[in-house]
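Enquirer:
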Amino acid sequence: MAPSIDLPESVEDVLSNPLKQKPNLVAPEPEHCPGPESEQAGTADSCAGCPNQKICASAPKGPDPDIPLITARLAGVKHKILVLSGKGGVGKSTLTAQLAHAFATNPDSTVGVMDTDICGPSIPKMLGVEAETIHVSNAGWSPVWAMDNLAVMSIQFMLPNRDDAIIWRGPKKNGLIKQFLKDVEWGDLDFLLVDTPPGTSDEHLSVNTFLKESKIEGAVVVTTPQEVSLLDVRKEIDFCRKAGIRILGLVENMSMFVCGHCQFESEIFRATTGGGKGLAEEMGIPFLGAVPLDPRIGMSCDYGESFFDSFPDSPACKALKGVVRKLAGEIGLDPEQVVPEEK
Amino acid sequence: MSLAKIKHIVLVLSGKGGVGKSSITTQLALSLSLAGHSVGVLDVDLTGPSIPRMFGIESEKVTQAPGGWLPITVHPSSPPSDSHPSGVGSLRVMSLGFLLPNRGDAVVWRGPKKTAMVRQFLSDVFWDDLDYLLIDTPPGTSDEHISLAETLLRQARPEQVSGAVVVTTPQAVATADVRKELNFCVKTGIKVLGVVENMAGYVCPNCSECTNIFSSGGGEVMAGEFGVKFLGRVPIDPQFLVLIETGKRPRYPKGTKVNGEEFQGVETEREGEEEKAGNKEGLLVNKYGDCSLAPIFKGITSDVVAAVEGGR
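Going line by line, the protein sequences match chains X and E.
Each residue of the first sequence is one higher than the one before, counting from 1 in the UniProt record's numbering.
Each residue of the second sequence is one higher than the one before, counting from 1 in the UniProt record's numbering.
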């Protein structure tokens, strides 16, 4: 007999039971703890005998009282866009950073980037603001401004040492994400891009819960062409569907490699199963474009520069611009206003 | 106790995603197996398990036995032969991927649930005798990693937990995250066996020019700064990806260079025969023997083995 995993929490259950505020516990959460924030806190089978049981059971139930605060805080943000992928290292942060640069080229729009990857924040480095710290004022935490119209928030700014490891379990990460939304003085933004860690876990659930009220415009899903990656991305799309997050489109990154020596195009990560385009068709979601692998993109990110400014003639740059234009179209903006077509 | 008969436990870690933890784990496992060790692979990446795909055993299901969950056998051990003087060790695999009803299903779990699953994987899988248990991890330093470290501390004997192989790619964005992982190892007292720099260079199949797609040397510099062993550079080999994705035996044009040295591919006579057989016959482990990365991993594996044996 094949054992199936006990799935006491199906996806729907997890999504329909959003986080409550976490009570103050007197002991660490035991094994099989339903989570002090969950609806079953204090009443589940595994709660019997736990020193926290009373606290969890008597904590106020119902939705998190902070959600209206977050909604108020983000009232001035026009478009909230998530960048997601089930797979790591496919270019979520790269795409987020380049999207931010692209949107910020228009001096009239203000862009915010929120990095919810707590254990591996890459955004500060990619935007060239790694060494900055956050200032706290009466109005809240001030984000770091990478450009006049580009605000950034990441846990990296709060670390005393650059290489410090953040060894946190889920609930603590949720708390920080909430603070990023509730306590950061984002002001009036045209775009808020939310970069996420790989997977479908705490960070994703929290962002979804906290932003539900204030409406997420949608998600951009990033993948690389090979099936190992598509497999995980399929799970992410499944998650978005179940959570009711609209998918603005799929971007295939690292699709072709053009040799700098002989200009020969080769597929490093071969798309044996149709690649991103195939997956987009299979899932019925828009395909925003394929961005070729260009070592200079990686270099721009290492130095924190805008790839659009540094290498405007590269084919990868044109592809990225195409992606931004299509994305602008998906959220109902005039693509010409966001990234003007080249003459 | 499911871990009782395992000699060495090696973790494969990286702070960054998509640097090739799973592919390094796969190759280490195949390489160890080719060296005659019996190997188990445990995939604790719960929300994005890749190991079943890597070994081409996605449709397998786990069976329940009195001793616990039985891992999936990729290949049994075989006695010494001419091509493999030390014999080939058995290779068994366990992943959450085998327990899911549909391969596209999302596993949306919060921390405590993941912790419980990791514990279950460490205590309920019936591994029996193993020389090496490789544990493939998700990116980051969070629930899965904390639980893994805690559970191993409690359930495994100190001499069993040999340490961790840390994987990175050369670019600064990746090493920045991997540095955090090295600090995690320091804080949790896990010994770092060494750093592998993956995706170091790509040889154009047309002109044999090697391009450092993700720059180069970052892993070695980082290893030097942290005073840990640098195990080696692994270039991108599209043939390995093809082997994983389609099961085709790797083939190389004459004059292919790997890490600056001429690579000796398979002899031409054998090639003709196998072309007819569709190129897909044979065990993954035998086909991997023909991959250009196999000799590189032979070196890395012997370094890892030396570090493991020497650390006892």
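We put the CB at the ideal spot given by N, CA and C, even for glycine.
Model, not experiment: these values are computed from the prediction.
Would a C-beta distance cut-off of 7 Å place residue 42/X and residue 235/X closer than the cut-off?
Expert: Against a cut-off of 7 Å, the Cβ pair of residue 235/X and residue 42/X comes out as no contact.
Enquirer: Give the secondary structure of residue 273/X by DSSP, where H, G and I count as helix, E and B as strand, and everything else as coil.
Expert: Looking at residue 273/X - three-state DSSP - the assignment turns out to be coil, as it is neither helix nor strand.
Enquirer: In this structure, how does DSSP classify residue 292/E when only helix, strand and coil are distinguished?
Expert: In the structure shown, residue 292/E sits in coil (DSSP, three-state: anything other than H, G, I, E or B).
Enquirer: Which of helix, strand or coil does DSSP assign to residue 160/E?
Expert: Three-state DSSP puts residue 160/E in coil, outside helix and strand.
Enquirer: For residue 314/E, which option in 92/E, 164/E, 179/E and 62/E has the closest C-alpha, if you only look at C-alpha atoms?
Expert: The first residue shown for chain E is 1 and the last is 312, placing residue 314/E beyond what the model contains.
Enquirer: Can you name the start and end residues of the beta strand (DSSP E) that residue 108/E belongs to?
Expert: Per DSSP, residue 108/E belongs to no beta strand (DSSP E) and is neither H nor E.
Enquirer: Name, please, each residue of chain B whose Cβ falls closer than 7 Å to the Cβ of residue 94/E.
Expert: Here chain B cannot be found, since the structure's protein chains are X and E.
Enquirer: Report the three-state DSSP secondary structure of residue 70/X (helix, strand or coil).
Expert: In this structure, residue 70/X counts as helix in the three-state DSSP scheme.
Enquirer: If you draw a straight line from the alpha carbon of residue 338/X to that of residue 82/X, how long is it in whole angstroms?
Expert: Using only the alpha carbons, I get a separation of about 18 Å.
Enquirer: Rounded to whole angstroms, how far is the Cβ of residue 89/E from the Cβ of residue 43/E, which I believe are closer than 8 Å?
Expert: Not confirmed; about 19 Å, so no contact.
Enquirer: Under 8 Å, with one C-beta from each stretch per pair, do the segment 317 to 333 of chain X and the segment 143 to 157 of chain E reach the 3-pair mark?
Expert: The segment 317 to 333 of chain X vs the segment 143 to 157 of chain E: no contact.
Enquirer: Inspect the beta-carbon positions of residue 51/E and residue 23/E and report whether they are closer than 7 Å.
Expert: Not closer than 7 Å, so no.
Enquirer: Identify every run of the alpha helix (DSSP H) within the segment 78 to 113 of chain X, keeping only runs that are complete inside it and at least 4 residues long; order them along the chain.
Expert: Segments of the alpha helix (DSSP H) lying fully in the segment 78 to 113 of chain X: 92 to 104.
Enquirer: Exposed or buried, what is residue 96/E when buried is set at 16 or more other beta-carbons lying within 10 Å of its beta-carbon?
Expert: The residue is buried, with at least 16 neighbouring Cβ atoms inside 10 Å.
Enquirer: When you compare only the Cα positions, how much space is there between residue 40/E and residue 81/E?
Expert: If you take the alpha carbons of residue 40/E and residue 81/E, they lie about 22 Å apart.
Enquirer: Is it buried or exposed for residue 303/X, if we count other Cβ within 10 angstroms and need 16 for buried?
Expert: Exposed.
Enquirer: Rounded to whole angstroms, what's the CA-CA distance from residue 66/X to residue 79/X? Just pull it up for me.
Expert: Answer to the nearest angstrom: the Cα atoms are 21 Å apart.
Enquirer: Between which two residues does the beta strand (DSSP E) holding residue 54/E run?
Expert: Taken as a continuous stretch (DSSP letters only), residue 54/E belongs to no beta strand (DSSP E), being part of the alpha helix (DSSP H) at 51 to 54.
Enquirer: When the Cα atoms are used, what is the spatial distance from residue 211/X to residue 112/X?
Expert: Approximately 15 Å, taken between the alpha carbons.
Enquirer: Between residue 29/E and chain X, is any beta-carbon pair separated by less than 7 Å?
Expert: So, not an interface residue.
Enquirer: Label residue 204/X either buried or exposed according to how many other C-beta atoms from any shown protein chain fall within 10 Å of its C-beta, with 16 as the threshold for buried.
Expert: Counting Cβ neighbours within 10 Å, residue 204/X comes out buried, since at least 16 surround it.
Enquirer: Under three-state DSSP, which class holds residue 215/E?
Expert: In this structure, residue 215/E counts as coil in the three-state DSSP scheme.
Enquirer: Bridge partners of residue 87/E, per DSSP?
Expert: None, per the DSSP bridge assignment.
Enquirer: Kindly list the residues whose CB is nearer than 6 Å to the CB of residue 273/E, restricted to its own chain and excluding five residues on each side of it in sequence; keep chain order.
Expert: Reliability fails at residue 273/E, whose pLDDT of 43 lies under 50, so the model's placement of it is uncertain and the value that follows must be treated cautiously. Here the set comprises nothing.
Enquirer: Kindly indicate if chain E contains any beta-carbon less than 7 Å away from that of residue 196/X.
Expert: No, residue 196/X does not count as interfacial toward chain E.
Enquirer: Quick one: is residue 148/X buried, meaning 16 or more other Cβ sit within 10 Å of its Cβ, or exposed?
Expert: Answer is exposed; the Cβ neighbour count stays below 16.
Enquirer: Report yes or no: is there a C-beta of chain X within less than 7 Å of the C-beta of residue 15/E?
Expert: So yes, residue 15/E belongs to the interface.
Enquirer: In whole angstroms, give me the CA-to-CA distance for residue 268/X and residue 254/X.
Expert: Taking the straight line from one Cα to the other gives about 8 Å.
Enquirer: How close, in whole Å, do the beta carbons of residue 19/E and residue 193/E come, if the pair is a contact with beta carbons under 8 Å?
Expert: Actually they do not touch by this definition, with Cβ atoms about 17 Å apart.
Enquirer: Beta carbon of residue 160/E: closer than 6 Å to some heavy atom of the ligand ZN?
Expert: The ligand ZN is not part of the structure shown, which contains no ligands of any sort.
Enquirer: If I measure Cβ to Cβ from residue 118/E and keep anything under 7 Å in the same chain, skipping five residues before and after, which residues do I get?
Expert: These residues qualify, in order along the chain: 44, 144, 147, 148 and 151.
Enquirer: Counting only beta-carbon atoms, is residue 296/X nearer than 7 Å to chain E?
Expert: Not one chain E Cβ lies under 7 Å of residue 296/X.
Enquirer: Drop a sphere of 10 angstroms on the beta-carbon of residue 73/E, count the other beta-carbons inside from all chains shown, and report buried for 16 or more, exposed for fewer.
Expert: Exposed: under 16 other Cβ atoms inside 10 Å.
Enquirer: Could you name the residues of the segment 167 to 178 of chain X whose beta carbon sits closer than 8 Å to any beta carbon of chain E, in the order they occur along the chain?
Expert: Within the segment 167 to 178 of chain X, the residues whose Cβ lies closer than 8 Å to some Cβ of chain E are 167, 168, 169, 170, 171 and 173, listed in chain order.
Enquirer: For the structure I just gave you, are there three or more beta carbon pairs, one from the segment 280 to 298 of chain X and one from the segment 237 to 244 of chain E, closer than 8 Å?
Expert: Result no; under three Cβ-Cβ pairs closer than 8 Å.
Enquirer: Report, in whole angstroms, the separation of the C-beta atoms of residue 285/X and residue 195/X, which I expect to be a contact under 8 Å.
Expert: Between residue 195/X and residue 285/X the Cβ distance is about 20 Å, and since that is not below 8 Å, they are no contact.
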